[in-house]
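K.L.:
Note that the sequence shown covers residues 3 to 156 in this note's numbering. Glycine residues also receive a C-beta, built at the ideal position from the N, C-alpha and C atoms. This structure is a prediction, so every number in the text was calculated from the model and none was measured. Provided herewith is a single structure, encoded as structure tokens, for subsequent inquiry.
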Amino acid sequence: MAIRNVRTDGNPVLREICKKVPEVSDSIRKILDDMMETMYEKDGVGLAAPQIGIPKRMVVIDDRDGHVFKLVNPVIVKSEGEQLSQEGCLSVPGYRGRCKRPMKVTVQALNELGKEIVFDAEGFLAVICCHEIDHLDGILYKDKAVEYERVNDN
Ligand code: NI
Numbered sequence: 003m004a005i006r007n008v009r010t011d012g013n014p015v016l017r018e019i020c021k022k023v024p025e026v027s028d029s030i031r032k033i034l035d036d037m038m039e040t041m042y043e044k045d046g047v048g049l050a051a052p053q054i055g056i057p058k059r060m061v062v063i064d065d066r067d068g069h070v071f072k073l074v075n076p077v078i079v080k081s082e083g084e085q086l087s088q089e090g091c092l093s094v095p096g097y098r099g100r101c102k103r104p105m106k107v108t109v110q111a112l113n114e115l116g117k118e119i120v121f122d123a124e125g126f127l128a129v130i131c132c133h134e135i136d137h138l139d140g141i142l143y144k145d146k147a148v149e150y151e152r153v154n155d156n
């Protein structure tokens, strides 16, 4: 595994519509492993492939509450309710903000073995899923933030 360089706001790869992964191959699993390692190294709760310069539809998530996912071609197939989130992004260092997000989503994806999975995510995990899947369509949380502010911590 390797820690990859995280691209920051202004890099055009963050604005690409990412391509679907046709097959979950060993090279895709290697990228997912690198994404996990990079996410942990940066103390993030999620990371999308375009953030390491790869415009493919892949995300990794660890909400630090027992929910860990490597997702290929993830899609939100259902959403309910609304919440005001607290968000930051490894690609937008030094800022945080709040967005309107669904309270609960159902996500469909392939796992790292290429098997289809479907799961429900609520609360903070729903926010992470929405934030990371937005990255695959070139959307940053700051684009939809209802509040957005500079912070000192990075
Ligand atoms: Ni992000």
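Taking the alpha helix (DSSP H) that Ala51 belongs to, which residues open and close that run?
P.N.:
What you label residue 51 is simply residue 49 of the sequence shown in a count that begins at 1. No alpha helix (DSSP H) holds Ala51; DSSP gives it neither H nor E.
K.L.:
Could you tell me if the beta carbon of Ser87 falls within a distance shorter than 7 Å of some heavy atom in the ligand NI?
P.N.:
Stepping through the sequence shown from its first residue, residue 87 is reached at position 85. No.
K.L.:
With distances taken from CA atoms, which of Glu114, Val129, Val107, His137 is nearest Leu86?
P.N.:
Translated into the one-based positions of the sequence shown, residue 86 becomes position 84. That would be Val129, whose Cα lies nearest to the Cα of Leu86.
K.L.:
Please tell me whether, using a cut-off of 7 Å, the distance from the CB of Asp27 to the nearest non-hydrogen atom of the ligand NI is below it.
P.N.:
Taking the first residue of the sequence shown as 1, we reach residue 27 at position 25. According to the sequence provided, residue 27 is Ser. The question's Asp does not apply to it. For the ligand NI, not one heavy atom lies less than 7 Å from the Cβ of Ser27.
K.L.:
Below 7 Å, is the gap between the Cβ of Leu73 and the nearest heavy atom of the ligand NI?
P.N.:
What you label residue 73 is simply residue 71 of the sequence shown in a count that begins at 1. Incorrect: Leu73 has no Cβ contact closer than 7 Å to the ligand NI.
K.L.:
Which partner residues does Thr108 have in the DSSP bridge list?
P.N.:
Counting from 1 along the sequence shown, the entry for residue 108 is found at position 106. Answer by DSSP bridge pairing, in chain order: Lys80, Asp122.
K.L.:
I'd like to check one pair, Met37 with Ile54: are the Cβ atoms closer than 8 Å?
P.N.:
Within the sequence shown, numbered from 1, the residue matching residue 54 stands at position 52. Within the sequence shown, numbered from 1, the residue matching residue 37 stands at position 35. Yes. Within cutoff.
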